[in-house]
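Following the numbering used here, the numbering of the sequence shown begins with 1 at its first residue and continues without gaps.
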Amino acid sequence: ASSFPSGGLRATFEARGYTAWDPTSYAFIKDDTLCIPTAFCSYTGEILDKKTPLLRSMEAISKEACRVLALFGKKVSRVTTTVGPEQEYFLIDKEDYKKRPDLILTGRTLLGARSPKGQELEDHYFGSIRPRVKAFMADLDEELWKLGVNAKTEHNEVAPCQHEMAPVFATANIATDHNQLTMEMMKKVADRHGLVCLLHEKPFEGVNGSGKHNNWSISTDRGENLLDPGSTPMENAQFLLFLTAVIKAVDEYQDLLRISVASAGNDHRLGANEAPPAIVSMYVGDELAAVIQSLVEGTDYKAAGHKSMDIGVTSLPHIPQDNSDRNRTSPFAFTGNKFEFRMPGSSFNIACTNVMLNTAVADELMQFADELEKADNFEAALSTLIRRELAAHRRILFNGNGYSEEWPLEAARRGLLNLRSTPEALIHYTDEKNVALFARHGVYTRTEIQSRQDINMEEYAKIIHIEALTLIDMLGKLIVPACAAYSKQLAEGVAAKAGIGVDAPAEAAQVRLLTEKTAELIERTERLKAVVAAEPEALNARAMYEHEAVIPAMEAARQVADELEGRVGKEYWPMPSYADLLFYV
Ligand code: ADP
Ligand code: MG
Numbered sequence: 001a002s003s004f005p006s007g008g009l010r011a012t013f014e015a016r017g018y019t020a021w022d023p024t025s026y027a028f029i030k031d032d033t034l035c036i037p038t039a040f041c042s043y044t045g046e047i048l049d050k051k052t053p054l055l056r057s058m059e060a061i062s063k064e065a066c067r068v069l070a071l072f073g074k075k076v077s078r079v080t081t082t083v084g085p086e087q088e089y090f091l092i093d094k095e096d097y098k099k100r101p102d103l104i105l106t107g108r109t110l111l112g113a114r115s116p117k118g119q120e121l122e123d124h125y126f127g128s129i130r131p132r133v134k135a136f137m138a139d140l141d142e143e144l145w146k147l148g149v150n151a152k153t154e155h156n157e158v159a160p161c162q163h164e165m166a167p168v169f170a171t172a173n174i175a176t177d178h179n180q181l182t183m184e185m186m187k188k189v190a191d192r193h194g195l196v197c198l199l200h201e202k203p204f205e206g207v208n209g210s211g212k213h214n215n216w217s218i219s220t221d222r223g224e225n226l227l228d229p230g231s232t233p234m235e236n237a238q239f240l241l242f243l244t245a246v247i248k249a250v251d252e253y254q255d256l257l258r259i260s261v262a263s264a265g266n267d268h269r270l271g272a273n274e275a276p277p278a279i280v281s282m283y284v285g286d287e288l289a290a291v292i293q294s295l296v297e298g299t300d301y302k303a304a305g306h307k308s309m310d311i312g313v314t315s316l317p318h319i320p321q322d323n324s325d326r327n328r329t330s331p332f333a334f335t336g337n338k339f340e341f342r343m344p345g346s347s348f349n350i351a352c353t354n355v356m357l358n359t360a361v362a363d364e365l366m367q368f369a370d371e372l373e374k375a376d377n378f379e380a381a382l383s384t385l386i387r388r389e390l391a392a393h394r395r396i397l398f399n400g401n402g403y404s405e406e407w408p409l410e411a412a413r414r415g416l417l418n419l420r421s422t423p424e425a426l427i428h429y430t431d432e433k434n435v436a437l438f439a440r441h442g443v444y445t446r447t448e449i450q451s452r453q454d455i456n457m458e459e460y461a462k463i464i465h466i467e468a469l470t471l472i473d474m475l476g477k478l479i480v481p482a483c484a485a486y487s488k489q490l491a492e493g494v495a496a497k498a499g500i501g502v503d504a505p506a507e508a509a510q511v512r513l514l515t516e517k518t519a520e521l522i523e524r525t526e527r528l529k530a531v532v533a534a535e536p537e538a539l540n541a542r543a544m545y546e547h548e549a550v551i552p553a554m555e556a557a558r559q560v561a562d563e564l565e566g567r568v569g570k571e572y573w574p575m576p577s578y579a580d581l582l583f584y585v
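Shown next, in the form of structure tokens:
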């Protein structure tokens, strides 16, 4: 356990760790080796893995949900959270990949002028799957099925070269293990097809990045989906209570959900016009929103084909299955019988997101059960509770366009968090309310949370640091020499032409411009070096510095390099362009 990232839980000389088989996730054979899903903790008992807290959070929500169900007269011994993660990825040609040090070292392009054509025609998204990609997908399905992963849907995604795989959902624990296997197999199978699978959240500027949609629900051991609106008033009351718990949980723990998707890679997505914004909000669809409004305001609920409704449980209306349209811009959307959390990045382990969700919802259910178990009149107490909590947490509901410019302003008025960058989000990990939440449900101790905050903060700082060094290296060794060689060749042409009495003023001006731009690029590279050299020691300060100083310095250098790419002859440019990468698979 010594070299495993432990956030200071283990010193290098303290090597002992313990493993425990997890019988709730299937064993499988990979590379002729029997693999057994396993929990991992240190000699001192502190957990080092992501599996143990996930299992603990599943226990917590099961316990509290069973208490709530008992109040509705249901004897249920176990409740499980189910997850279906949709996995997005890019496929590019292996030969191109090998020529890009940025892709090799950082997983994304640090340079690259926009391709003249991007995703604007949507001809990739709606086009047929190319034979080479189809062969990859068929092979991937086959390999995943061998491992017990129920790969199901394979399709093209928005950006050129971008695709998605969605499995059949499983328990949160199995889904997490299977998603890890899926990412590994995507890389392996791509290699067999002369392709490289990019799982980075933002491999290319100017086209969509990749995410992972965490579809999440809660089911009983009898197969009842607790987020499925029922067909009787009592079922609807139960549904509304669970819905209220989720709404309250997402509102009170916006920060934890945001933290669970925070990384250097995902910072390029969240808030950009393709993924949900960094503000956590919920979409429940027009009909449920109307139900909630009538509950909170005590007004009649009328919908076409439905009875009107007052607050009493017995008169709650039937909420039809497909009561919601889809809202692609919402980070947390109700999709009929489950929630889809759209913020996780494509390379993430989904354990963390599900730990946050399960624990937060477990906590709300615990509070509800505490209150309702004491009530003399259950139905009256239930109505009061639902109405009170919906009124208190309605601000998290937003059915509008999350990409609009007004939304961040409106969100600020509502007092919602807008944690724009990873360090700004991570700092809230150890907020007292979060430490208390995890302690209440035995999911993490204070030390365990602190260690995770430190690990994530350090990873963030290291990633940006590596990206900056890679960029400096590429600019110095590849880009500046290419620009110099090209302008030298142009200059020699101008001189040769002058020797035979031909004036070439436009070409001479081009040489001057290239020389000036190259000088500017050298200057910005030097500036970036100086910024990197001044990184502070202290961890949190360093992470913030990477965000505030190093990233802008990288962007400034890239901007000039990308401009130069458009002016330097193709055979002089030392790497495949965006068009080469995105349109030749
Ligand atoms: P989208 O319309 O967002 O592209 P998909 O149909 O591609 O959605 O994926 C939906 C995912 O949700 C699938 O992985 C599916 O198995 C999963 N899913 C369906 N029902 C549940 C459920 N009750 N709990 C968790 N996941 C579910
Ligand atoms: Mg989806």
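The C-beta atom is built at its ideal place from N, Cα and C for all residues, glycine as well. Given the structure is predicted, the values throughout are model-derived calculations rather than measurements.
| Item | Value |
| --- | --- |
| Sub-8 Å separation of residue 457 and residue 426 beta-carbons | yes |
| Counted within 10 angstroms of its Cβ, other Cβ atoms place residue 433 as buried (16 or more) or exposed | exposed |
| Buried or exposed by the 16-neighbour rule on C-beta atoms within 10 Å, applied to residue 155 | exposed |
| Nearest candidate by alpha-carbon position, reference residue 158, set 422, 122, 149 and 392 | 122 |
| Distance, residue 555 Cα to residue 275 Cα | 21 Å |
| Integer-rounded CB distance, given that residue 582 should sit under 8 Å from residue 161 | 5 Å |
| Straight-line Cα distance separating residue 538 from residue 411 | 32 Å |
| Environment of residue 355 [buried if 16+ CB atoms lie within 10 Å] | buried |
| Coil, strand or helix - residue 262 by DSSP | coil |
| Distance cut-off 7 Å: residue 213 Cβ against heavy atoms of ligand 1 | yes |
| Contact test: residue 68 Cβ vs ligand 1 heavy atom, cutoff 7 Å | no |
| Cβ distance (whole Å) where residue 263 is taken to contact residue 345 below 8 Å | 6 Å |
| Between the CA atoms of residue 394 and residue 405 - distance to the nearest angstrom | 21 Å |
| Endpoints, alpha helix (DSSP H) assigned at residue 407 | 406-413 |
| Given residue 424 as reference, the closest of 579, 431 and 544 once Cα atoms are compared | 544 |
| Local conformation of residue 102 per DSSP, three classes | helix |
| Cβ-heavy atom distance, residue 179 to ligand 1, below 7 Å | no |
| Residue 218 versus residue 366: straight-line alpha-carbon distance, rounded | 15 Å |
| Residue 181 versus 193, 562, 208 and 146, residue with shortest Cα-Cα distance | 146 |
| Residue 84 beta carbon near ligand 1 (any heavy atom closer than 7 Å) | yes |
| Environment of residue 248 [buried if 16+ CB atoms lie within 10 Å] | buried |
| Three or more C-beta pairs below 8 Å linking the stretch 104-112 and the stretch 471-478 | yes |
| Beta-carbon spacing of residue 580, residue 428 below 8 Å | no |
| Inter-residue Cα distance where the pair is residue 592 and residue 347 | In the structure as shown, the chain begins at 1 and stops at 585. Residue 592 is therefore absent and cannot be evaluated. |
| Three-state class that DSSP yields for residue 165 in the structure shown | strand |
| Entirely enclosed alpha helix (DSSP H) segments - the stretch 417-451, minimum 4 residues | 422-426 and 432-440 |
| Nonlocal neighbours in the same chain, by C-beta distance under 6 Å from residue 207, ignoring five residues either side | 118, 119 and 159 |
| Three-state secondary structure assigned by DSSP to residue 52 | helix |
| Span separating the alpha-carbon of residue 38 from that of residue 453 | 23 Å |
| Start-to-end residues for the alpha helix (DSSP H) that takes in residue 182 | 172-192 |
| Where residue 573 falls: helix, strand or coil (DSSP) | coil |
| Whole-angstrom distance between residue 382 and residue 338, CA atom to CA atom | 22 Å |
| Outcome for residue 238 when other beta-carbon atoms lying within 10 angstroms are tallied against a minimum of 16 | buried |
| Residue 166 Cβ short of 7 Å to ligand 1 heavy atom set | yes |
| Residue range of the beta strand (DSSP E) that includes residue 363 | It is not in any beta strand (DSSP E) - residue 363 instead sits in the alpha helix (DSSP H) that spans 351-374. |
| Per DSSP, cross-strand counterpart(s) of residue 212 | 87 |
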